[in-house]
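Here the sequence shown stands for residues 2 to 150, where the numbers follow my numbering.
Here is the structure we will look at, set down as structure tokens.
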Amino acid sequence: MKIGQPKLILNPYEWLPGYGESKVSFRSVGADVILDVEYERDASDIDGVDVVLGLRREIVFKFVRDFVRTPFPGSTFFEFEGDSSKFGLGELTEFVDSEFVRVSLESPHSASSGELSGIRHFSIQFLSENVAFHVLAEDVLLSEEQLIS
């Protein structure tokens with residue numbers, strides 16, 4: 002499927018360490034898909050002793066229509082077209098031009114349910130875990146940082 006016109010939503014390397022994530026998993030809650038992203042950060046405790054904190058954040062895709070998990074690199078399911086200068090690996094990106102969205106909206110289910118075309122195509126690659134996610138959803142949210150107990 003062809004994709005193009007990338008639009009940066011967020012760069013997880015603003016909060017991930019340079020070597021990336023430690024673990025990525027996903028789950029669904031109702032119509033939402035949640036990516037749990039775990040990572041580590043060096044810190045000092047109150048006594049000044051160096052410690053490694055286990056942290057996590059959730060990337061929450063709201064009202065998901067479709068979801069694809071593929072190995073990265075290696076999958077040729079999506080074919081990029083056009084100017085790729087605004088597309089950065091590892092960034093959460095929206096593809097404004099997406100055959101995936103068009104095919105989904107043309108399906109009999111969309112026509113019969115009267116869904117609006119508020120569906121957006123999001124994609125993110127996790128470079129340490131070697132996995133990419135493509136999600137058709139209405140919106141995406143990033144949780145606050147949480148300490149893993």
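Yeah, the Cβ is synthetic: ideal placement off N, Cα and C, and Gly gets one too.
Here the structure is a predicted model, which is why all the values come from computation and not from measurement.
Sixteen is the threshold: when 16 or more other Cβ atoms of the shown chains lie within 10 Å of the Cβ of Thr-94, as they do, the residue is buried. One Cα belongs to Ser-86, the other to Ile-47, and the distance between them is close to 44 Å. Distance from the CA atom of Phe-81 to the CA atom of Ile-149, rounded to whole angstroms, is 37 Å.
Only exposed fits Ser-29, as fewer than 16 other CB atoms lie within 10 angstroms of its CB.
According to the DSSP assignment, Ser-86 belongs to no alpha helix (DSSP H), since it is labelled neither H nor E. Just so you know, the alpha carbons of Phe-68 and Gly-89 end up roughly 20 Å apart.
Under the Cβ criterion (8 Å, minimum of three pairs), the region 35-46 counts as touching the region 10-22.
Contact check for Ser-144 against Phe-134 fails: the beta carbons are separated by 9 Å or more. Per DSSP, the beta-bridge partners of Glu-59 are Asp-37. Counting C-beta atoms within 10 angstroms of its own C-beta, Gln-147 has fewer than 16 neighbours from the protein chains shown and is therefore classed as exposed. Taking a C-beta distance under 9 Å as the contact criterion, Phe-64 and Met-2 do not qualify as a contact pair.
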